Every structure is written in structure tokens, then in C-alpha cells.
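> Going by the working numbering, the letters in the sequence shown line up with residues 4 to 146, in that order.
Where is the CB? At the ideal position from N, CA and C, for every residue including glycine.
Since we're looking at a predicted model, the values are computed, not measured.
Before anything else, here's the structure in question.
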Amino acid sequence: PATKAEAGHDENIDMKKCAQILGQETAERVKDLSLQIYSAGRDHAGKRGIIVADTKFEFGTVDDKLLLIDEVLTPDSSRFWPADHYVVGQSPPSFDKQFVRDYLETLDWNKTAPGPKLPGDVVARTAAKYVEAFEKLTGEKLR
């Protein structure tokens with residue numbers, strides 16, 4: 004689990020801290036739902052030759068009702084790797100925003116908003132990766 008940090012990236016926390024924040028019952032529910040959603044996504048992607056390397060789910064509450072409140076298993080919230088290119092100990096190609104991250108790491112900027120303008124080829128190659136992920140995961144062409 005993780006929680007929103009005051010600034011920067013989310014802060015990873017353990018289940019004990021999660022239960023202190025949410026209460027034991029809600030923390031267990033979030034854990035169970037997360038594992039169920041991940042397992043379904045992993046199994047679906049695996050049948051289509053994709054490894055879900057990692058992902059995130061965001062939950063919130065409204066009137067004490069637990070809600071899944073953000074995108075799920077997209078290239079923005081997950082890292083997808085082609086199973087046929089996976090080799091232990093090597094960084095495989097991916098169908099996600101890692102390409103943009105890798106490009107940004109080559110620049111000299113302070114990592115605060117606004118970010119640098121992305122060149123057209125970086126945008127086009129990233130879009131192509133997202134389309135490829137969609138088509139592999141759904142078995143359909145994006146129209």
C-alpha cells in the first residue's frame with residue numbers, strides 16, 4: 004500500500020500503517036479487492052502475451068462507502084511487458100509510459116511542473132506503444 008505524500012511521489016506504507024489509517028476492516032477489504040483486481044488483470048493479460056509487471060489501484064470513500072476511484076490497468080497506471088521478450092535480470096521493452104520517463108531522464112530539469120515539452124517523435128512512439136497495448140489486451144484494432 005501507499006498513501007499520498009505532501010509533496011513528490013506517493014509514500015509506501017506497510018499493512019500495519021494502512022490499518023491504522025483506514026481501520027483494520029477497510030484495510031483488509033482494500034487488500035482483498037486489490038489482489039482480486041490484479042489477479043484478473045494479470046490472468047487476462049497473460050493469455051494475450053503480456054506481463055503486468057506492476058500496477059496501482061486508488062481507493063477512496065464517500066459516505067463510508069469504499070470506491071475504486073481511478074483508472075485501472077492502463078499504460079498510465081501499470082507497467083506492461085511483452086512476455087516473449089522477458090528475460091530475468093534484463094529490462095524488457097514495455098507498453099507504457101516508461102518510454103517517456105526514460106526520455107525525461109536524459110534531460111537536465113528539476114522535475115517540477117511544468118515539465119519539458121515532449122518532442123513529436125517521443126509523443127508518437129508513446130502513443131504507438133499505448134495502441135499496441137490496447138490491441139494486444141483487447142484483441143481488437145483501435146479505430
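With a threshold of 16 other CB atoms inside 10 Å of the CB of Asp-99, please say whether the residue is buried or exposed.
Label assigned to Asp-99: buried.
> For Val-90 and Trp-84, I'd like the C-alpha separation in whole angstroms.
C-alpha separation (whole angstroms): 11 Å.
> On the three-state DSSP scale, how would you describe Gly-49?
In the structure shown, Gly-49 sits in a helix (DSSP, three-state: H, G or I).
> Looking at the structure shown, is Ala-43 part of a helix, part of a strand, or coil, going by DSSP?
In the structure shown, Ala-43 sits in a helix (DSSP, three-state: H, G or I).
> Under the rule that 16 or more other beta-carbon atoms within 10 Å means buried, what is Pro-78, buried or exposed?
Buried is the call here.
> Give a yes or no on whether the C-beta atoms belonging to Ala-22 and Glu-14 are separated by under 8 Å.
In this structure, Glu-14 does not lie closer than 8 Å to Ala-22 by Cβ.
> Which residues in the same chain have their Cβ closer than 8 Å to the Cβ of Gly-52, if we skip the five residues on either side of it in sequence?
Answer for Gly-52: Pro-85, Ala-86, Asp-87, Lys-139, listed in chain order.
> Taking the CB atoms as reference points, tell me whether Phe-102 and Thr-64 lie closer together than 8 Å.
Going by C-beta atoms, Phe-102 is not nearer than 8 Å to Thr-64.
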